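Data block below; observations after.
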Amino acid sequence: FLPAATIKPHPLSSRTKHKRCPCSMKVVSTFSYQNFVQFALDETKLLTPDLTPSYLQDDFSTLKAVDGKTELKMCSFQAPKIRLLRSLSIEQSDGMQVLDLAVFPEAEFDLPIFCANFFTSGNTNIVVLDLNPLHDVINETPYKQKYYRSLIPLGLKYAELLPWGGKLTGESLKFFSPIVIWTRFSSSHEKHDILFSAFTDYYKAWLGLMNQATKETDVSQISLNREAQHRYLTWRAQKDPGYNLLKRLIGETLAEDVVKKFLFNGVNELGNKTFLDYFPEYERGDGSINEKRSVVGKSFENRPWDAQGVFIGDTFG
Ligand code: BLA
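Using the numbering used here, read the sequence shown as starting at 641 and increasing by one per residue.
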């Protein structure tokens, strides 16, 4: 493993802004998730010059939260293999920052979904960074071999630097890959540099997979890809941990629009199945959806993947 000290800040480092901290009047360096977004867009353009703004740009660009001190920035693009690359970043004047950046492939490709979800408030950082698999990777499947075998060393490097964040919604594990980074840490320059480095490495890994991907022509396989992506979108549009915060920031109606039309765009278009069709265990006696995020409870105290990328977690609910 590379020791943390070998993580050098990227030229477009995670910290470019310098703020005067009002309490101590010391100059503190802050970081901004905007740099992560910029990196992803620049790298994508290098590889895919035909990246074009998505039709969603018109309706989803910037929003001011009801508190008057929080800004939400959205951007969205598409390309021949990319159905949607979209990002939401939130910055509050008191330091809260959120990044939700995802890339969804067209259904003709069984590529993983790039997923970066970072939440920073005060000293706390909650991080999910992954190439979310479209198909099963818990069992030994050709899909797992195809996309993750060569990425295991990358996952191991960061599993060391950004250790497993402890118990989480058990159901989420099915959407994660053997190289998932799920971590929590207290803010520090070092950790934010490591996070930026992980983000750039994972993003480049995803672009590498995309670059090599060839279009599927078998219609039944394309349908399977589409349904898998729809199931993923349905999960996230219903159970995303960020939803409550969004409701508080911009109100229920706008939050629903942002979640269903922007963040998880496709949930109303890629398929007809409902949340309960995919996840019947969430059905309550009266036919409604259980509001709890998890019905199996929080699980996976430790990383449930071994160094070979074999799933070693116990039961699923
Ligand atoms: C917490 N975010 C979490 C947690 C996970 C994720 C696993 C820990 C809590 C839990 O176990 O549910 C992220 N979960 C995911 C992801 C997938 C998943 C990426 O299933 C994909 C399949 N997070 C955001 C955004 C906000 C946000 C946009 O992405 C805010 C607008 C906030 N995430 C957020 C907050 C917490 C959190 C506030 C901690 C509070 C909590 O646990 O509810």
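Cβ atoms here follow ideal geometry from the backbone N, Cα and C, with glycine treated the same way.
All values reported here derive from a predicted model rather than from experimental measurement.
{"Item": "With a CB to CB cut of under 6 Å and the five nearest residues on each side skipped, what residues in its chain are close to MET736?", "Value": "SER761"}
{"Item": "For LYS932, count the other beta carbons within 10 Å of its own beta carbon; 16 or more makes it buried, fewer makes it exposed. Which is it?", "Value": "exposed"}
{"Item": "Pick helix, strand or coil for LEU741, following the three-state DSSP scheme.", "Value": "strand"}
{"Item": "How many angstroms separate the CA atom of LEU771 from the CA atom of LEU728?", "Value": "18 Å"}
{"Item": "Kindly indicate which three-state DSSP category ARG871 falls into: helix, strand or coil?", "Value": "helix"}
{"Item": "Give every residue of the same chain whose Cβ lies closer than 6 Å to the Cβ of LEU712, excluding the five residues on either side of it in the sequence, and list them in chain order.", "Value": "LEU703 and ILE730"}
{"Item": "Using CA atoms only, rank isn't needed, just tell me which of GLU780, LEU769, THR809 and GLY891 is closest to PRO803.", "Value": "LEU769"}
{"Item": "For PRO693, which beta-bridge partners are listed by DSSP?", "Value": "PHE717"}
{"Item": "Assign ASP958 to buried or exposed, taking buried as 16 or more other Cβ atoms, counted over all protein chains shown, within 10 Å of its Cβ.", "Value": "With the chain represented from 641 up to 957, any question about residue 958 goes unanswered, as that position is not in the structure."}
{"Item": "Where are the beta strand (DSSP E) runs, 3 residues long or more, that stay fully inside the region 810–837, in chain order?", "Value": "821–826"}
{"Item": "What residue range is occupied by the uninterrupted beta strand (DSSP E) comprising GLN732?", "Value": "722–732"}
{"Item": "Note the first and the last residue of the continuous beta strand (DSSP E) segment covering ILE766.", "Value": "764–772"}
{"Item": "Would you mind giving the Cβ-Cβ distance between GLY953 and PRO818, rounded to the nearest angstrom? I have them listed as a contact below 8 Å.", "Value": "Going by Cβ atoms, the distance from GLY953 to PRO818 rounds to 11 Å, so no, they are not a contact pair."}
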